[in-house]
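Going line by line, the protein sequences match chains L and A.
Numbers 6 to 128, taken from the numbering used here, label the letters of the first sequence in order.
Numbers 281 to 399, taken from the numbering used here, label the letters of the second sequence in order.
From the three backbone atoms N, C-alpha and C, an ideal C-beta is built for every residue, glycine too.
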Amino acid sequence: MISSISTVIAGLLSGILASMGLGGGSILIIYLVFFEAIPQLNAQGINLIFFIPIAAVAIIIHSRKKLILWDVAIPAMLSGALAAVFGAYLSTIINPYILRKLFAILLLIVGIRQIFYKGAKNV
Amino acid sequence: MLKNKKWLYILLGLTSGAINGLLGSGGGMILVPALNKCKIETKKSHATSVAIIFAICLVSSMFYLINGDVKIKECTPYLLWGLIGCCLGANWLSKINDSWLHRIFGIIMLWAAYRMIVS
Chain L
6 MISSISTVIA
16 GLLSGILASM
26 GLGGGSILII
36 YLVFFEAIPQ
46 LNAQGINLIF
56 FIPIAAVAII
66 IHSRKKLILW
76 DVAIPAMLSG
86 ALAAVFGAYL
96 STIINPYILR
106 KLFAILLLIV
116 GIRQIFYKGA
126 KNV
Chain A
281 MLKNKKWLYI
291 LLGLTSGAIN
301 GLLGSGGGMI
311 LVPALNKCKI
321 ETKKSHATSV
331 AIIFAICLVS
341 SMFYLINGDV
351 KIKECTPYLL
361 WGLIGCCLGA
371 NWLSKINDSW
381 LHRIFGIIML
391 WAAYRMIVS
């Protein structure tokens, strides 16, 4: 299987960011939508599925280095999985437009604080 | 000490999962700073969030598959490279400087915020 250069770069970059917990999903979605002309929803789905094996390998590597706090992860994984069901259902009956904009503002604030992050206490 | 905060972690998972289900992405982005606020160090926050998002993605992707919004073979061109990237990134996480991690993450967040505002 011969991949085009852009496929390679997109895959590599997304894999690197995703494995580091850096929200690498946006990269793949953007690439798929703008360079492969794939519809947004389809691209989101591809990104979700792509993440699964990547995350699985990353989890193995991270847990060997004792970087994963399972005390924290397991309750959140269980509740997260449940909430994902709920969220998926909700998305069929409400328009997430406003929520997306509100969330964007939150990301803006948190993002700026991350860039100027100093020390252990403030986020 | 960590056990007392179990409900907090459950709440974090609920929030992330709901956002991911509703918006399609981004649930993980608030997870890392939230874990940081729980006095969890940066690298562990990032690593732990991967595990949490993994579970959420498993569920979310099932919905997409069932609804026919995606087929598994559409992902295969990217998987090999993604896995290679994963081996690189997962090893870098333990070595990268915390300040840089925050900066890069911040930039990615701003980019995601921009995309959400514009779309």
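Nearest residue (CA-CA) to residue i, options the options
i	options	result
Val312(A)	Lys324(A), Leu302(A), Ile376(A)	Lys324(A)
Val350(A)	Thr12(L), Asn47(L), Arg105(L)	Asn47(L)
Asn377(A)	Thr12(L), Ala81(L), Leu107(L), Tyr122(L)	Tyr122(L)
Leu72(L)	Gly348(A), Asn347(A), His326(A), Pro357(A)	His326(A)
Ala370(A)	Ile99(L), Ala81(L), Met25(L), Ser31(L)	Met25(L)
Ser19(L)	Ile32(L), Leu83(L), Gly85(L)	Ile32(L)
Ile54(L)	Pro357(A), Leu302(A), Trp287(A), His382(A)	Pro357(A)
6 Å Cβ shell around residue i - same chain, five flanking residues per side excluded
i	result
Ile290(A)	none
His67(L)	Ile73
Ile333(A)	Gly308
Own chain partners of residue i with C-beta closer than 8 Å, once the 5 adjacent residues on each side are dropped
i	result
Thr328(A)	Leu315, Ile320
Asn127(L)	Any reading at Asn127(L) must be qualified, since the residue scores a pLDDT of 45, below 50, and its modelled position is unreliable; the value itself is stated next. For Asn127(L), where only same-chain residues beyond five positions count, the Cβ hits under 8 Å are Arg118.
Val62(L)	Ser24
Beta-carbon contacts of residue i that lie in its chain and below 7 Å, excluding the five residues immediately before and after
i	result
Leu95(L)	none
Counting Cβ pairs, one atom from each stretch, are 3 or more of them under 8 Å apart for the stretch 282-300 of chain A and the stretch 85-94 of chain L? yes
At least three beta-carbon pairs within less than 8 Å, the stretch 328-345 of chain A to the stretch 387-397 of chain A: no
Between the stretch 105-115 of chain L and the stretch 360-367 of chain A, are three or more C-beta pairs nearer than 8 Å? no
Does the stretch 345-359 of chain A come within contact of the stretch 308-322 of chain A, defined as at least 3 CB pairs closer than 8 Å? no
What are the start and end residues of each continuous alpha helix (DSSP H) run of 4 or more residues lying completely inside the stretch 60-91 of chain L, in chain order? none
Would you list, in sequence order, the uninterrupted alpha helix (DSSP H) runs of no fewer than 4 residues that lie entirely inside the stretch 337-380 of chain A? 356-373
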